[in-house]
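Structure, as structure tokens:
In the numbering used here, the protein residues as written are 48 to 411.
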């Protein structure tokens with residue numbers, strides 16, 4: 048499907064609330080928590096904007112939950128780059144089975160991993176997957192049929208929903224499915240659209256140079272809304288639901304869900320004078336002083352120095368990569384509610400209104 052023209056679904060959503068959720072990444076507890084939080088009703092239109100599979104632990108269970116949810120509610124899933132497994136059931140498949148085995152063993156999860164485990168297959172290096180393919184195709188026929196029918200674009204009169212992105216100079220009928228499913232750094236391409244384009248795929252925090260915020264980004268000039276809150280992929284990520292109250296409205300809001308305990312700020316704290324965000328794709332650091340809990344590190348590309356949790360360093364080498372890290376000191380006032388991500392001897396890594404940073408006062 049990557050080399051085919053995009054499949055487009057046209058929806059008439061007049062008079063109905065539209066809810067868009069993207070990048071669930073097999074995190075079924077987050078998805079169920081978000082569904083409960085938004086109070087989904089049969090009068091709503093729920094658009095799942097791609098990548099509901101892979102990365103997390105419950106791909107098959109998430110897929111089946113979505114299929115069941117669609118029997119009671121008006122649910123419209125879109126195919127993201129992590130959902131495009133239906134090609135595997137075609138006779139002319141582009142998936143080398145040895146590479147698939149290597150992938151699922153590395154991940155230890157995913158739709159194929161879950162299916163093969165349910166079949167009772169012992170997954171190990173050197174396993175020949177070919178003998179299991181007929182049963183895999185037949186036993187999960189309903190799931191494969193569901194994935195095969197997914198569109199890459201959903202269009203309503205005022206909005207376009209697509210996982211990765213679209214090109215403004217091409218009619219939707221001429222867009223390539225692969226481009227729609229995987230369009231990295233879409234908002235930085237400079238595209239401007241007449242109607243709103245709602246995308247996921249690229250976690251929103253990757254657009255921010257000096258801090259971490261998992262809330263949707265609404266770009267009024269470009270008419271683009273990016274909603275991937277880093278669910279599963281980021282330790283401090285969240286699952287976002289963009290809420291459009293009715294077709295044609297620009298009164299956008301959102302609801303988010305994460306697992307973190309919520310505490311109340313007791314003592315005030317002023318915002319720090321400077322901050323930086325070391326993130327995926329640009330996370331090479333030199334360890335200047337390694338400690339038991341924190342290590343002083345220098346970001347190799349910029350030279351910026353930051354105290355990083357030692358457990359966030361990926362190796363014992365002097366030069367290594369690290370988990371996403373920030374030294375932002377948040378401005379917080381008594382009564383503010385924060386989600387606690389990490390508790391350390393120095394203070395708390397917290398999230399306040401979607402923004403992650405440090406708080407060194409008292410919580411209750």
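Even glycine gets a Cβ: it sits at the ideal position worked out from N, Cα and C. Every value quoted in this text rests on a predicted model; they were computed, and no experiment measured them.
Item                                                                                                                        : Value
Contact set for residue 409: own chain, Cβ-Cβ below 7 Å, skip 5 residues either direction                                   : 313 and 314
Which of helix, strand or coil DSSP assigns to residue 349                                                                  : coil
The beta strand (DSSP E) enclosing residue 291, as first and last residue numbers                                           : 286-291
6 Å CB neighbourhood of residue 389 in its chain, flanking five on each side removed                                        : 396
Where residue 191 sits in the DSSP three-state scheme                                                                       : helix
Extent of the continuous beta strand (DSSP E) run through residue 304                                                       : 300-304
Integer Cβ distance of residue 65 from residue 291, believed to fall under 8 Å                                              : 4 Å
Three or more C-beta pairs below 8 Å linking the segment 172-191 and the segment 147-155                                    : yes
From 49, 362, 63 and 380, residue whose alpha carbon lies closest to that of residue 203                                    : 63
Residue 411, buried or exposed, once every other Cβ within 10 Å from all chains shown has been counted against 16           : exposed
7 Å Cβ cutoff, residue 276 in contact with chain B                                                                          : Annotation note: the requested chain B is absent from the structure, which comprises a single protein chain.
Reference residue 340, options 311, 394, 331 and 294, closest by Cα                                                         : 394
Three-state secondary structure (DSSP) of residue 100                                                                       : coil
Cβ contact (3+ pairs, closer than 8 Å) linking the segment 223-242 and the segment 116-132                                  : yes
Segment limits, alpha helix (DSSP H) that includes residue 161                                                              : 158-165
Closest Cα partner of residue 55 within the set 252, 206 and 305                                                            : 206
Outcome for residue 404 when other beta-carbon atoms lying within 10 angstroms are tallied against a minimum of 16          : buried
For residue 369, the three-state DSSP class (helix, strand or coil)                                                         : strand
Integer Cβ distance of residue 249 from residue 272, believed to fall under 8 Å                                             : The Cβ separation is near 12 Å, so there is no contact.
Stretch pair the segment 369-388 + the segment 316-329: three plus CB contacts closer than 8 Å                              : yes
Residues of its chain near residue 53, where Cβ-Cβ distance is below 6 Å and the 5 sequence neighbours each way are ignored : 199, 200, 222, 224 and 227
CA-to-CA distance, residue 160 to residue 383, given in whole angstroms                                                     : 42 Å
Proximal residues to residue 68 (C-beta, below 6 Å), its chain only, five neighbours per side dropped                       : 95 and 288
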